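**Q** Quick one: structure below, then a few questions.
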Amino acid sequence: MAISQARIIESMEQACSNPNPDEFIFSFLDAYGFPKSTITRLRNGDDSRNVASGNDIGLKKKLYFRSVPEGTDLNAEADSLKASEVVSRNDIRFVIVTDFKSLVAFDLKAEERLETSMDELDKQYAFFLPLAGYEKAVMYSEHPADVKASEKMGRLFDLIRERNDLSKPEDIHALNVFLTRLLFCFYAEDTGIFDQGQMTSAIQSTTSEDGSDVDQFFTDLFTVLNLEDKAPERESMAAHFQKFPYVNGGLFEKDEPIPEFGRKARRLLIDCGNMDWSEINPDIFGSMFQAVIDEEQRGNLGQHYTSVSNIMKVIQPLFLDKLYAELEKSRENERKLKELLLRLQNLHIFDPACGSGNFLIIAYKELRKLEMEVIDTLNTVSDQTEMYYSGIKLSQFYGIEIDDFAHEVAILSLWLAEHQMNMAFKEKFGYADADLPLRDSGNIICGNSLKIDWQEVCPFLCSRKIDSEVYICGNPPFLGYNSRSSEQQDEMRLLFGDKQSYKKLDYVSSWFLLASKYIANNESIFAAFVATSSICQGMQVPFLWPRIFGLGVNISFAYSNFAWENAARNKAAVNVVVIGLGVSKGKKRLFCLSKEGVWSEELTESINAYLVGGSSIIVNNRSKPINKNIEMQYGSMPNDGGNLLLSPTEKNDLISEDPETAHWVKPILGAQEFLNGKKRYCLWLKGITEEELNQLPSVKARVENVRSVRLASKSPGANKAAATPHLFWFASHPDKGTYLLVPKVSSERRPYVPIGLLDSSTVSSDANLIVPNAGVFEFGVLTSEMHNDWMRAVAGRLESRYRYSATLVYNTFPWPEANDQQRKKIEELAEEVLLLREDYPDKSLSKLYDPKEMPEPLREAHKALDRAVEKLYREKPFRDATERLEHLFALYEKLIAEEKAKKPAKKQPKGVIDNG
DNA sequence: GATCCGACAATCC
DNA sequence: GGATTGTCGGATC
């Protein structure tokens, strides 16, 4: 990667502090890492690469810069440049116009405008980051201070690590504690908690340059910070230590070893101290700091930190909205406002997977803001001149975090947040609590959230006063069933108790279960988490939700499926939901994202496990169709390390080597090939003799490769299949006849999952499901809107893609009844769809079913088929998907009830488990 | 013997 | 490089 962001910020600060009109653009280019040679030649005016004329500077694909006299309309100038021929011809990204008082810039790719005064320009450094090769943000905060601070701390950490042995966990813990204490001191000396620069200048003037006594300095400093102002021990300390105040709050309480410093580390320490730490944001800085320090997280800088907008999706419906509504109701009523203040001082916020404390910090700040509004309102309502102080304490905030460093950062960040809010309070009301000594810290425990009793961390039963409330929130980790460690698997087993149900659930569902148990029967306790959307889709639903609903807990609000977003460069690729839990009755809030990307809110009686309003139905998977005698199967899975599969070239090579091979090669379709009209082949060696195989050395070599791949596998099933390496690991391919082919995963943009009618000369891989023995009638029904609506409702998803499954979609689908005449009608219309597809031989199914490209005649043919299939269910047309689903769900329930009546179930149905 | 999933993974412009 | 869109095989019953 190019130049570091911290360097850009520093250079920009210099370039903008007192801009020299002749030099500014060159400093600017230098800041963003343009080569020195380019800059020198531009300055000398002899560069043929300057595409601009006059005094302007223009660099192909990069920027176009123009300076104008003061008083010029910068926006108009920028707009005309933007539209100019020279800019479009040279594919310019940024247009910049300035009179050295203000600056207007336009990013032509992102179509964003920047208007700023010159002395604020450095704060907008991120706008121009694409010039340095950072497309969008790597991970930047709105405040450059966070980026600089975390990078510097990361470097300091590296230097400390070089000198100090960190092999034992207690060493690492000691360093974690040291770094958070150091961070506090940096912050303190820039924000008036200490005297300005007090610590840094003491280091500079009293420690030796080789850094050898820096550790002793910190030992003494931390001792004095833990001594009360009047403590006699202070007398024996050196004078410059005695000037430091008593901090308390537990931050400097324990004696922890201090790492040794060298010359370089000491210098960097002083550099850090000379930075301005007053502007760092505890909410984002915590995650960044953690990401820089934590070995594991360095590779995926902040992939999983929760953005403020996502945190707000959790805490607004969870408690903030209610509290603000209370304020609105109480505006004129002094007594009620005082009650609200009291309520704010008695509620508890608990994040049982708190990381470096994002949720707690945002929640804290938001509650303090609300409290300020309440106090402001009280001041206008009441006649007395009472002085209201903030009553919200950090001890109302609880957290559990498994990572030691993150948990230290969380504690510290809460203090910093408290201090910042105190300053905001002082600014508004002119008075505030004293900065020091620090009050109680948040109750952040380092431990495993799934093993600790939450009641002990946040004991609502004992400390609970009347009307006190607990709000649980957070973003616990997601881990699918085949990506967990055995420890994590054990934790889930202990938690879920019974034999199997936990194995297919995501790790995050553990937090849902624990929260539900904690909530059960308590009307003043609510929880809300971010979770992977898969806990509300497909197979997980019947395992998880009946247990939660069985505890009397329901979904009080939800944000349905949306793509994970944050500012990290490698942000995690996952779709998420936000789910609120509680026992209260009343309307539920359901937030849905429209196709245009706009959130809308709906009030509904109940929200079901699929995060849809209304019907509380849960669809169980089944191994046989509910009312159909034709079964759907998996396609054939090679499990071959690629050795039985052939690209067209490989196929041709094999056959030209030995024409006999042609007998053993069949075309194979994955979903990719089926949907996009690509070609792929496979060795289908069913029935080949040893002798025949020996005649084909290249084929035999491939077969032997399959054997070793399967032997090397961790899966016992694959090991077993090494005995028959010439065969597919799982082969369902019919020897003769036709079959229907349904791709297992396909794009959610399509109105219909494209289904094919194939014959047995073509193999289908396990990327598809197949229905042998099915005909055009079955094709017609499965292709209908009716069936696709069912699929959309009950199928699992890959992120947001459709994931068709036999057990969840096909086997649960209630087929319509049809007499001969009706069957014939469907067959005709289905045939029409198949024929129309053939009218476009050069368009793949992927194109034919792209909503933007779907040919009108094909669309019409589908519509006609849709109507005919609907008619099999009822004469009156359905209004919309909701009505179709209501009908299908009713039919489903009826069929399930009939089935139960016929043969009383031996086993309990999957979902219903006692929660004892 | 069957089948679901992936804080994904590969491909396509 | 970001938008699009479906592989592959382990793990589990």
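Just so you know, the first sequence maps onto residues 1 to 916 in UniProt numbering.
Every residue gets a Cβ at the ideal spot worked out from N, C-alpha and C, and that includes glycine.
Please read these numbers as outputs of a predicted model, since none were measured by experiment.
Report the option in ARG803, GLU853, MET637 and ALA881 whose CA atom is closest to the CA atom of SER765.
**A** MET637
**Q** On the three-state DSSP scale, how would you describe ARG464?
**A** Note that ARG464 has pLDDT 46, beneath the 50 cutoff, so the model's placement of it is unreliable and no number is given.
**Q** Output needed for ALA793: all residues of its chain with C-beta closer than 6 Å, excluding positions within five of it in sequence on either side, in chain order.
**A** LEU885
**Q** Mapping the DSSP letters down to three states, classify PHE350 as helix, strand or coil.
**A** strand
**Q** At what residues does the alpha helix (DSSP H) containing LYS36 begin and finish?
**A** 36–43
**Q** Counting C-beta neighbours from all protein chains within 10 Å, is the total for PRO725 16 or more, i.e. buried, or is it exposed?
**A** buried
**Q** Have a look at the DSSP bridge pairing and note the partners of ALA531.
**A** VAL577
**Q** Taking the alpha carbon of ASP30 as the reference point, which residue from GLN345, ALA424, VAL574 and MET12 has its own alpha carbon closest?
**A** MET12
**Q** Out of curiosity, what's the CA-to-CA distance linking GLU523 and SER307?
**A** Looking at the two C-alpha atoms, the distance is approximately 29 Å.
**Q** If I follow the unbroken alpha helix (DSSP H) through ASP599, where does it start and stop?
**A** It is Trp, not Asp, that sits at residue 599 in the sequence shown. Not the alpha helix (DSSP H): TRP599 falls in the beta strand (DSSP E), residues 599–604.
**Q** Closest by CA to TRP599, which one among ILE626, LEU590 and LYS902?
**A** LEU590
**Q** Which residues does DSSP pair with MET637 in a beta bridge?
**A** PHE730
**Q** Nearest to ASP122 by CA position, among PRO352, ALA774 and ALA15, is which residue?
**A** ALA15
**Q** When you compare the stretch 604–623 with the stretch 336–346, are there three or more beta-carbon pairs, one atom per stretch, that lie closer than 8 Å?
**A** no
**Q** Out of TYR518, ASN788 and GLN396, which has the shortest C-alpha to C-alpha gap to ASP453?
**A** TYR518
**Q** Buried or exposed: where does TYR364 fall if 16 or more other Cβ atoms within 10 Å of its Cβ makes it buried?
**A** Buried: at least 16 other Cβ atoms inside 10 Å.
**Q** From this set, GLY796, GLU704, LYS720 and GLY677, which residue's C-alpha is nearest SER844's C-alpha?
**A** Answer by Cα proximity: GLY677.
**Q** Sort ARG368, ALA149, VAL177 and GLY250 by Cα distance to ASP271 and report the nearest one.
**A** ALA149
**Q** First and last residue of the beta strand (DSSP E) that includes ASN719?
**A** No beta strand (DSSP E) contains ASN719, which is instead part of the alpha helix (DSSP H) from 716–721.
**Q** What separation, rounded to the nearest whole angstrom, lies between the Cα atoms of ARG837 and LEU757?
**A** Straight through space, the alpha carbons of LEU757 and ARG837 are spaced by roughly 12 Å.
**Q** Quick check: the Cα distance between LYS902 and GLY780, rounded to an integer number of angstroms?
**A** 30 Å
**Q** Using DSSP bridges, identify the partner residues of LEU370.
**A** For LEU370, which the question treats as bridged, DSSP gives no partner whatsoever.
**Q** Under 8 Å, do GLY357 and VAL409 count as touching if we go by C-beta distance?
**A** Against a cut-off of 8 Å, the Cβ pair of VAL409 and GLY357 comes out as a contact.
**Q** Output the distance between the C-alpha atoms of LYS852 and LEU872, rounded to the nearest integer angstrom.
**A** Distance between the alpha carbons of LYS852 and LEU872: 30 Å.
**Q** So ASP30 is in the beta strand (DSSP E); what residue range does that whole segment cover?
**A** Per DSSP, ASP30 is not a residue of any beta strand (DSSP E); the alpha helix (DSSP H) it occupies stretches across 24–31.
**Q** May I ask you to list the residues that DSSP assigns as paired with PRO667?
**A** According to DSSP, PRO667 bridges with TYR681.
**Q** Distance check for SER201 and LEU182, CA to CA, integer angstroms please.
**A** 14 Å
**Q** Whose C-beta lies closer than 8 Å to the C-beta of GLU77 among residues of the same chain, with five residues either side of it excluded?
**A** ARG66, VAL68, VAL97 and VAL104
**Q** Just grab the DSSP bridge partners of TYR398 for me.
**A** PHE350 and ASN443
**Q** Using only the alpha-carbon positions, how far apart do TYR32 and ILE8 sit?
**A** Answer to the nearest angstrom: the Cα atoms are 6 Å apart.
**Q** Hey, could you find the ends of the beta strand (DSSP E) THR98 is sitting in?
**A** 94–98
**Q** Buried or exposed: which applies to ALA126, given that a residue is buried once 16 or more other Cβ atoms fall within 10 Å of its Cβ?
**A** buried
**Q** Can you give me the start and stop residues for the alpha helix (DSSP H) that LYS313 sits inside?
**A** 308–315
**Q** Please state the DSSP three-state secondary structure of PRO257.
**A** coil
**Q** In terms of residues, what are the limits of the alpha helix (DSSP H) holding GLU780?
**A** Residue identity check: residue 780 is Gly in the sequence provided, not Glu. Its alpha helix (DSSP H) spans residues 776–783.
**Q** With a 10 Å radius around its C-beta and 16 neighbouring C-beta atoms as the bar for buried, classify TYR389 as buried or exposed.
**A** exposed
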